[in-house]
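In UniProt numbering, the protein residues as written are 1 to 434. Just so you know, even glycine gets a beta-carbon here, dropped at the ideal spot from N, CA and C. Note that this is a predicted model, so its numbers are computed, not measured. Below is one structure, written out as structure tokens; the observations come after it.
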């Protein structure tokens, strides 16, 4: 079964019966969580940040509201929208979690065969007749660029839309997006502006940026901020891992980010070339954890061709969750010199694990890190060079100072994030009842 999007996505439906026929609606709205993105990523062995968020929504809501939770998707094989059997979803989530935790344990052909079986079990079913209010919850931007499809889904479900917005970077910084990114994201925002009764931003910085793209001045829209969660079970070990044969000898630094211009890897690579020229074999190592993205030719050329960086810069793509967590846990610091972010999950994960952070002085990262990280301008190459040297020294006072500040920092849990989601559901549900 090869995934594809049909030219005209279709809805599996049954004849509509008037809402609330035969009695009053129940007090609690039914929540229809869309899993289109997770299904579309069934063949991928490592997740993106948005993949993880959609997964956590499914896991947490299954635990909290199983009696009023339903699943739906625009299926990758055929483009049909419909409901997904809960039992098949549970099995798919278990398969997905196992695949992410230990990608090397699965043969690619076996993964593909298993994914095909799950996608078959998750073929969309007709939307049932509504017997209560409904909330259609989107934790990713999947298919929100198709305003007509979303309108048709909401009409068939007789539901109100709540959307989690991760960022509007393709609109605020189109130079960092793919060639069609600005146009596609503008369509996403038009859909949200037209149809969303509730908006959840992963940061106040994201919500502030969203405001410029909302033209529908509806007074009943619920808008809330919910920082993404960082749970202890997901955190790296505080001690250096011994499970990675390619792990560098300490000291080393880690950058967790897709290799793309927005993440500013080029600055780090130039810093590391200077470090090697200055310190030689005593230079610290840099581990780049993340797949290769787009329009990154300059950074890739340095990684592949710069002889000075050989043995000092280690590229680690498709790393399992456990391996990544262990690698981060032994680092001198996480480095994140991004030009723009919607949230900054690596900052939260590193701080929660007791790993210092050196990152860009931008609003979203300050919101996540508070007063704990060392903040630098993403254009300040000398500042980054000095910080890396300082953090590399044995008994580094600058690193120790951040560890002291870290005692005052506390991560947001996924439970707290979902608390905000549930409160938003309740508020939007009350609007529907009214």
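Residue i - partner residues in DSSP beta bridges
{"i": "residue 339", "result": "Beta-bridge pairing links residue 339 to no other residue."}
{"i": "residue 198", "result": "162 and 222"}
{"i": "residue 138", "result": "163"}
{"i": "residue 82", "result": "73"}
{"i": "residue 360", "result": "376"}
{"i": "residue 263", "result": "Per DSSP, none; premise fails for residue 263."}
{"i": "residue 305", "result": "Answer by DSSP bridge pairing: none, since residue 305 is not bridged."}
{"i": "residue 285", "result": "252"}
{"i": "residue 30", "result": "134"}
{"i": "residue 120", "result": "According to DSSP, which records beta bridges pairwise, residue 120 is partnered with nothing at all."}
{"i": "residue 316", "result": "289"}
{"i": "residue 275", "result": "In the DSSP output, where bridge partners are listed per residue, residue 275 has none listed."}
{"i": "residue 334", "result": "254 and 357"}
{"i": "residue 125", "result": "83"}
Burial state of residue i, where buried means 16 or more other Cβ atoms lie within 10 Å
{"i": "residue 155", "result": "exposed"}
{"i": "residue 235", "result": "In this prediction, residue 235 has a pLDDT of 44, which is less than 50 and means its spatial position is unreliable; what the coordinates show is noted afterwards. Buried is the call here."}
{"i": "residue 430", "result": "exposed"}
{"i": "residue 401", "result": "exposed"}
{"i": "residue 307", "result": "exposed"}
{"i": "residue 206", "result": "buried"}
{"i": "residue 301", "result": "exposed"}
{"i": "residue 26", "result": "Interpretation of residue 26 is limited by its pLDDT of 40, a score under 50 that renders its predicted location unreliable; no figure is taken from the coordinates."}
{"i": "residue 98", "result": "exposed"}
{"i": "residue 415", "result": "exposed"}
{"i": "residue 96", "result": "buried"}
{"i": "residue 264", "result": "buried"}
{"i": "residue 280", "result": "exposed"}
{"i": "residue 372", "result": "buried"}
{"i": "residue 350", "result": "buried"}
{"i": "residue 180", "result": "exposed"}
{"i": "residue 333", "result": "buried"}
{"i": "residue 283", "result": "buried"}
{"i": "residue 403", "result": "exposed"}
{"i": "residue 138", "result": "buried"}
{"i": "residue 120", "result": "exposed"}
{"i": "residue 395", "result": "exposed"}
Supposed close pair residue i, residue j - CB separation, criterion 8 angstroms
{"i": "residue 225", "j": "residue 203", "result": "6 angstroms"}
{"i": "residue 340", "j": "residue 362", "result": "7 angstroms"}
{"i": "residue 425", "j": "residue 58", "result": "Actually they are not in contact, since the Cβ atoms of residue 425 and residue 58 sit about 15 angstroms apart, beyond 8 angstroms."}
{"i": "residue 55", "j": "residue 93", "result": "7 angstroms"}
{"i": "residue 261", "j": "residue 295", "result": "6 angstroms"}
{"i": "residue 68", "j": "residue 418", "result": "So it is not a contact: roughly 14 angstroms between Cβ atoms."}
{"i": "residue 147", "j": "residue 191", "result": "4 angstroms"}
{"i": "residue 266", "j": "residue 299", "result": "5 angstroms"}
Under 8 angstroms between C-beta atoms of residue i and residue j
{"i": "residue 287", "j": "residue 248", "result": "yes"}
{"i": "residue 50", "j": "residue 166", "result": "yes"}
{"i": "residue 40", "j": "residue 142", "result": "yes"}
{"i": "residue 338", "j": "residue 360", "result": "yes"}
{"i": "residue 228", "j": "residue 420", "result": "no"}
{"i": "residue 115", "j": "residue 42", "result": "yes"}
{"i": "residue 187", "j": "residue 231", "result": "no"}
{"i": "residue 328", "j": "residue 344", "result": "no"}
{"i": "residue 356", "j": "residue 322", "result": "no"}
{"i": "residue 34", "j": "residue 136", "result": "yes"}
{"i": "residue 290", "j": "residue 317", "result": "yes"}
{"i": "residue 379", "j": "residue 274", "result": "no"}
{"i": "residue 214", "j": "residue 193", "result": "yes"}
{"i": "residue 199", "j": "residue 210", "result": "yes"}
{"i": "residue 122", "j": "residue 88", "result": "yes"}
{"i": "residue 128", "j": "residue 82", "result": "no"}
{"i": "residue 409", "j": "residue 370", "result": "yes"}
{"i": "residue 269", "j": "residue 303", "result": "yes"}
Any non-hydrogen atom of the ligand HEM within 7 angstroms of residue i CB
{"i": "residue 375", "result": "You won't find the ligand HEM in this model; it holds no ligand whatsoever."}
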